[in-house]
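Participant: Chains X and F, in that order, are what the protein sequence lines are.
Position one of the first sequence corresponds to residue 1 (my numbering), numbered consecutively onward.
Position one of the second sequence corresponds to residue 1001 (my numbering), numbered consecutively onward.
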Amino acid sequence: MKPTHKIHIENLNVYAGKQQILKDINIEIPKNKITVILGPSGCGKTTLLKCMNRLTDLYPELKVTGKVLINDKNVLDAGEDIVKLRQYMGLLSQRPYPLPMNIYNNIAFGLKLKGVKRRRELHKQVVHYLQQANLWDEVKNRLREPASRLSIGQQQRLCLARGLAVNPEIILADEPTSALDPISSQYIEEKFVELKNDYTIVLVTHILRQARRIADYVVFMYLGEVIEQGTVEEVFGNPKMEKTKQYLGGTFN
Amino acid sequence: MKLSGKIEEKVFKVLMVIATYSILAILALIIYTIFAKGIKALSWEILTQVPKGGYYYGKGGGILNAILGSLSLAFGATFLAFIVGLPVALYINVFLIRWKKLIIFIRFILDLVWGIPSIVYGAFGFSMMILLGLQTSLLAGMLTVTLFILPIMIRSMDEILRTVPIGLSEAAYSLGSNKSELAFKIFTRQTVSGIITAILLSFGRAIGDAASVLFTAGYTDNLPNSLMEPVATLPLSIFFQLSSPVPAVQDRAYASALVLTLIILIVSLFSRGLGKRYHKTKINF
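1) Since A1140 (chain F) meets chain X, which of its residues come closer than 9 Å, beta carbon to beta carbon?
2) Tell me which same chain residues have a C-beta within less than 7 Å of the C-beta of L130 (chain X), skipping the five on either side of it?
3) Can you pull the chain X residues whose beta carbon is under 9 Å from the beta carbon of Y1173 (chain F), in chain order?
4) Could you check the C-alpha separation between R1277 (chain F) and I1196 (chain F) for me, to the nearest Å?
5) Taking L1150 (chain F) as the reference, give the member of F:I1097, F:A1081, F:T1220 and F:V1246 with the closest Cα.
6) Looking at the C-beta of T1197 (chain F), does it have a partner C-beta in chain X at a distance below 8 Å?
7) To the nearest angstrom, report how far apart G90 (chain X) and K50 (chain X) are at their CA atoms.
8) Quick check on Y15 (chain X) - is its C-beta less than 8 Å from some C-beta in chain F?
9) For the alpha helix (DSSP H) that K117 (chain X) lies in, which residues bound it at each end?
10) Listed in chain order, which residues of the segment 1177–1201 of chain F have Cβ atoms closer than 8 Å to some Cβ of chain X?
11) CB T1136 (chain F) to CB T1020 (chain F), shorter than 8 Å?
12) Determine, for I1283 (chain F), whether the minimum Cβ-Cβ distance to residues of chain X falls below 8 Å.
13) Any C-beta of chain X sitting closer than 8 Å to the C-beta of K1276 (chain F)?
14) What residues in its chain sit with their C-beta under 7 Å from that of L223 (chain X), if we drop five residues either side in the sequence?
15) Please list, in chain order, the residues of the segment 1098–1112 of chain F that have any C-beta partner in chain X closer than 8 Å.
16) Determine the extent of the beta strand (DSSP E) in which Q229 (chain X) is found, giving its start and end residues.
17) Rounding to the nearest angstrom, what Cα-Cα distance links I1154 (chain F) and K18 (chain X) in this structure?
18) Checking 8 Å against the spacing of the C-beta atoms, do S1212 (chain F) and G1125 (chain F) come in under that value?
19) Identify, in the order they occur along the chain, each residue of the same chain with its Cβ nearer than 6 Å to the Cβ of L1236 (chain F), setting aside the five sequence neighbours on each side.
20) Cβ of V36 (chain X) within 8 Å of Cβ of T205 (chain X)?
21) Shortest alpha-carbon distance to Y1055 (chain F) belongs to which of F:F1187, F:L1102, F:V1088 and F:V1249?
22) Buried or exposed: where does M101 (chain X) fall if 16 or more other Cβ atoms within 10 Å of its Cβ makes it buried?
23) CB-CB under 7 Å to A1198 (chain F), same chain, minus the five flanking residues each way: which ones, in chain order?
24) Closer than 9 Å by beta-carbon distance: list the chain F residues that pair up with R142 (chain X), in chain order.
25) If you reduce the DSSP assignment to three classes, tell me which class G90 (chain X) lands in.
26) What does a CB cutoff of less than 6 Å around Q155 (chain X) pick up in its chain, not counting 5 residues either side in sequence?
27) Flag this pair as yes or no: are the beta carbons of V1231 (chain F) and L1138 (chain F) separated by less than 8 Å?
28) Which one of F:L1015, F:W1114, F:N1093 and F:L1242 has the shortest CA to CA distance from G1038 (chain F)?
29) Thinking C-beta only, is F109 (chain X) closer than 8 Å to L1090 (chain F)?
30) Compare the Cα-Cα distances from P1245 (chain F) to each of F:G1005, F:K1013, F:Y1057 and F:I1023 and report the closest residue.
31) Per DSSP, what kind of secondary structure is G66 (chain X) in: helix, strand or coil?
32) Where E61 (chain X) and A78 (chain X) are concerned, what is the direct C-alpha to C-alpha distance, given to the nearest angstrom?
33) Curious, which full-length alpha helix (DSSP H) runs of at least 4 residues does the segment 1169–1253 of chain F contain?
What follows is the structure, encoded as structure tokens:
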């Protein structure tokens, strides 16, 4: 694995029963860049993302073969070490899933799992990450309220704060703006651009304009296969494959 | 076509209305009967005294033995079934998630034992007691009732835990939680109110069942004072009073039934309140 690359995926195949949903995926995801996985619905991009931190474990019908290397460790045969490995990767899902507890504990949960025990330190970090996610001003007077009372946009920022709090190296985002209003979406996009100095970001999206706005590197997928990958200039400026041209031109069906 | 559709809709609506209200009426009639007949015989004496000699032929005393016996037996059994049942339900939903066929098998078995009549549990408990040399006692009754309500407890908690969305598991795993942390810190919190309902359901079955305690807990006119001695229970107390030829004693049976109903009502109101308190942290999806 080249030092400039953070995630290295080799011959990844995923089957759901007899159906193959990911076919021979080989990609390298560069460090401290935003890599966008682009493609129409049902092309397997979410499954690809879930392979990276082995959330595929939760889906009994999925069978995964190949290699997903992160810091030279293969996630797919890490056994129980996966619990630690997952802490390298924060997750932002399609719609926010706050934990069933109050706002403060939503952030503190991951911190406690990481071993932050002292209350003063815990509080300091909770405040810090809420500020990072631009949520502090809105929740500082209601930290003990259930997270379920927040709006969807606020919940997604809470999930971002909670993910950052465990100090990951990678952020995996699965269409994180699809349930949000335009202003919240714009905030998340801007935050990603800011965060890429410190994190490697993998963003799954089907929104072309979003990809064009923030991507450094683009992986275009169609029906479980990687059709084309390259820098945003290469893929958007000068696509080589017919399928990519069609998708970018909007003539896809 | 259009007209027959309308008639069909009307017919079904009428049927649904009849079914709903006739069931409500029957339930109301049962409760009314218990109240009307029971309230006459209900007195301070009946609540605070044990049966005196000749109680079942109309002499004085009360059913305190059965009230306390039933409460200790039902609370004990519900507690034991909860302690054992919650880990089982969590194990099925968090640890076995990749073993679909095993889960289906376990659920099938649990549904099967759920359907076994309680007298069979009573007979099983009795044969175990003979094997172990135990006599009819609070302990034996409690363990038998625990077995009897375990499938109810596990399956109703299981059904609640199934509703936890997969996205919540994904979120907790991504934060570095392991399976038991996911189970005990996230799943339980998300489903507190449902778990309380499961406990309540089991408690209701535990306190209301007569057949499983008949051979195992026995019966006595004394207050329960040791795990190793027989205890009286309300359902059996009702049975013995109803079989009395004296009408006044039969009325006391209704008073006992009223007490049983009120216990279940109080416990359910209490746990509803408890459930509401925790309900607000639940995330709605």
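Cβ coordinates follow ideal geometry from the N, Cα and C atoms, glycine included.
Predicted model, so just to flag it, every value in this text is computed and none were measured.
Facilitator: According to the data block:
1) Position 140 of the second sequence, counted from the start, is the residue given in the question as residue 1140 (chain F). Chain X residues near A1140 (chain F): none, gap ~40 Å exceeds 9 Å.
2) The sequence position of residue 130 (chain X) within the first sequence is 130, counting from 1. The residues are I107, W136, V139 and A161.
3) In the second sequence, the residue the question calls residue 1173 (chain F) occupies position 173. Correct list: N53, R54, L55, D57, L58, I82, V83, R86 and L91.
4) Looking up residue 1277 (chain F) in the second sequence gives position 277. Looking up residue 1196 (chain F) in the second sequence gives position 196. The straight-line gap from Cα to Cα measures roughly 11 Å.
5) As a first step, residue 1150 (chain F) is located in the second sequence; it is residue number 150 there, counting from the start. Checking every option, the nearest Cα to that of L1150 (chain F) belongs to F:A1081.
6) Position 197 of the second sequence, counting from 1, holds the residue named residue 1197 (chain F). Answer no: the Cβ-Cβ gap between T1197 (chain F) and chain X never drops below 8 Å.
7) Working through the first sequence from its first residue, we reach residue 90 (chain X) at position 90. Working through the first sequence from its first residue, we reach residue 50 (chain X) at position 50. Computed Cα separation, rounded: 12 Å.
8) Numbered from its first residue, the first sequence carries residue 15 (chain X) at position 15. No, Y15 (chain X) lies away from the interface with chain F (no Cβ there is under 8 Å from its Cβ).
9) Position 117 of the first sequence, counted from the start, is the residue given in the question as residue 117 (chain X). From DSSP, K117 (chain X) is part of no alpha helix (DSSP H); its letter is neither H nor E.
10) S1177, N1178, E1181, K1185, I1186, R1189 and Q1190
11) Counting from 1 along the second sequence, the entry for residue 1136 (chain F) is found at position 136. Counting from 1 along the second sequence, the entry for residue 1020 (chain F) is found at position 20. No, the Cβ-Cβ distance between T1136 (chain F) and T1020 (chain F) is not below 8 Å.
12) Walking along the second sequence from the start, residue 1283 (chain F) turns up at place 283. So, interface residue.
13) Position 276 of the second sequence, counting from 1, holds the residue named residue 1276 (chain F). K1276 (chain F) does not count as touching chain X.
14) Numbered from 1 along the first sequence, position 223 holds the residue referred to as residue 223 (chain X). Result list for L223 (chain X): C43, in chain order.
15) R1098, W1099 and K1100
16) Against the first sequence, residue 229 (chain X) aligns to sequence position 229. Run containing Q229 (chain X): E225 to T231, per the beta strand (DSSP E) assignment.
17) Against the second sequence, residue 1154 (chain F) aligns to sequence position 154. Against the first sequence, residue 18 (chain X) aligns to sequence position 18. Rounded to whole angstroms, I1154 (chain F) to K18 (chain X) spans 34 Å at the Cα level.
18) Taking the second sequence and counting its residues from 1, the one referred to as residue 1212 (chain F) is at position 212. Taking the second sequence and counting its residues from 1, the one referred to as residue 1125 (chain F) is at position 125. Taking 8 Å as the Cβ cut-off, S1212 (chain F) and G1125 (chain F) qualify as a contacting pair.
19) Your numbering for residue 1236 (chain F) matches position 236 in the second sequence. Only A1210 and Y1219 meet the Cβ criterion.
20) Here the question's residue 36 (chain X) lines up with position 36 in the first sequence. Here the question's residue 205 (chain X) lines up with position 205 in the first sequence. Yes, they are a contact pair.
21) As a working note, residue 1055 (chain F) is residue 55 in the second sequence. Minimum Cα distance to Y1055 (chain F) is reached at F:V1249.
22) As a first step, residue 101 (chain X) is located in the first sequence; it is residue number 101 there, counting from the start. That one is buried.
23) Residue numbering aside, residue 1198 (chain F) sits at position 198 when the second sequence is read from its first letter. Excluding positions up to five away in sequence, the list reads M1153, S1156, M1157 and I1160.
24) Counted from its first residue, the first sequence places residue 142 (chain X) at position 142. Chain F residues near R142 (chain X): none, gap ~13 Å exceeds 9 Å.
25) As a first step, residue 90 (chain X) must be located in the first sequence, where it is residue number 90. DSSP places G90 (chain X) in strand when its eight states are reduced to three.
26) The count along the first sequence starts at 1 and reaches residue 155 (chain X) at position 155. Within the same chain, Q155 (chain X) has close Cβ partners P96 and P98.
27) Position 231 of the second sequence holds residue 1231 (chain F). Position 138 of the second sequence holds residue 1138 (chain F). Yes, Cβ-Cβ distance for V1231 (chain F) and L1138 (chain F) is below 8 Å.
28) Indexing the second sequence from 1 puts residue 1038 (chain F) at position 38. Measuring from the Cα of G1038 (chain F), the nearest candidate turns out to be F:L1242.
29) Here residue 1090 (chain F) refers to the residue found at position 90 when the second sequence is read from its first residue. Here residue 109 (chain X) refers to the residue found at position 109 when the first sequence is read from its first residue. Not closer than 8 Å, so no.
30) Against the second sequence, residue 1245 (chain F) aligns to sequence position 245. Considering only alpha carbons, the answer is F:Y1057.
31) What you label residue 66 (chain X) is simply residue 66 of the first sequence in a count that begins at 1. Residue state, collapsed to three classes: strand.
32) Position 61 of the first sequence, counted from the first residue, corresponds to residue 61 (chain X). Position 78 of the first sequence, counted from the first residue, corresponds to residue 78 (chain X). Looking at the two C-alpha atoms, the distance is approximately 20 Å.
33) 1192–1208, 1211–1214 and 1234–1242
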